[in-house]
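First the structure, in the form of structure tokens, and then the observations on it.
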Amino acid sequence: MSNPAASSTPSDTSSRKFYHGTKANLKPGDLLQGGYSSNYTERRSPWIYFSETVFAATWGAELAKGEGPGRIYLVEPTGSFMDDPDVTDKKYPGNPTKSYRSREPLRVVCEHLNWQGHSPEEIQAMKDFIKDKEPIDD
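To convert, count from 1 in the sequence shown and add 24; that's the working numbering.
Structural data, given as structure tokens:
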């Protein structure tokens, strides 16, 4: 999916794994949806973001607002989704992070426990890098 405007549907995903990083304490069956401020702006976004890589979900878990530890969940999209234009063709060629967004909820399958976080210095460097960025909400 190198075209951010092209969408996929759950029927296209049976052999794929998707991850979502957050600080929320969730359980299987919970639904994640857009309508909240992103990890780097107070503006509310209609999108929920997820990735096929634990690496990208790790950043989501570490940059998420709130208290408590970062968590990564295995999720399944409940509706159509598209490449995340914040990290695809508008900024990088293709979709190297395999990152997506949807206006429809993601269903939590289980918590993914086998991941390693970044150093405090790397997290601060990323926070500094994204502090003035605005997400692409079109």
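We put the CB at the ideal spot given by N, CA and C, even for glycine. Bear in mind the structure is a predicted one, so any value in this text is a computation, not a measurement.
{"Check": "Beta-carbon spacing of residue 42, residue 76 below 7 Å", "Outcome": "yes"}
{"Check": "In chain order, each beta strand (DSSP E) run of at least 3 residues that lies wholly inside the segment 44-122", "Outcome": "72-75, 95-101, 105-107"}
{"Check": "Supposed contact pair residue 137 and residue 74 - C-beta distance, whole angstroms, cut 8 Å", "Outcome": "Not really, about 17 Å apart at Cβ, beyond 8 Å."}
{"Check": "Cβ-Cβ distance between residue 46 and residue 80 below 7 Å", "Outcome": "no"}
{"Check": "Presumed contact (8 Å Cβ cut-off) between residue 31 and residue 106, rounded CB distance", "Outcome": "5 Å"}
{"Check": "Option nearest residue 103 by Cα separation, candidates 109, 55, 120", "Outcome": "55"}
{"Check": "Residue burial classification, residue 151 (beta-carbon count within 10 angstroms, cutoff 16)", "Outcome": "exposed"}
{"Check": "Cβ-Cβ separation, residue 69 to residue 101 (assumed contact under 8 Å), whole Å", "Outcome": "Not confirmed; about 16 Å, so no contact."}
{"Check": "6 Å CB neighbourhood of residue 128 in its chain, flanking five on each side removed", "Outcome": "102, 103"}
{"Check": "Reference residue 148; option with closest CA among 120, 108, 92, 83", "Outcome": "83"}
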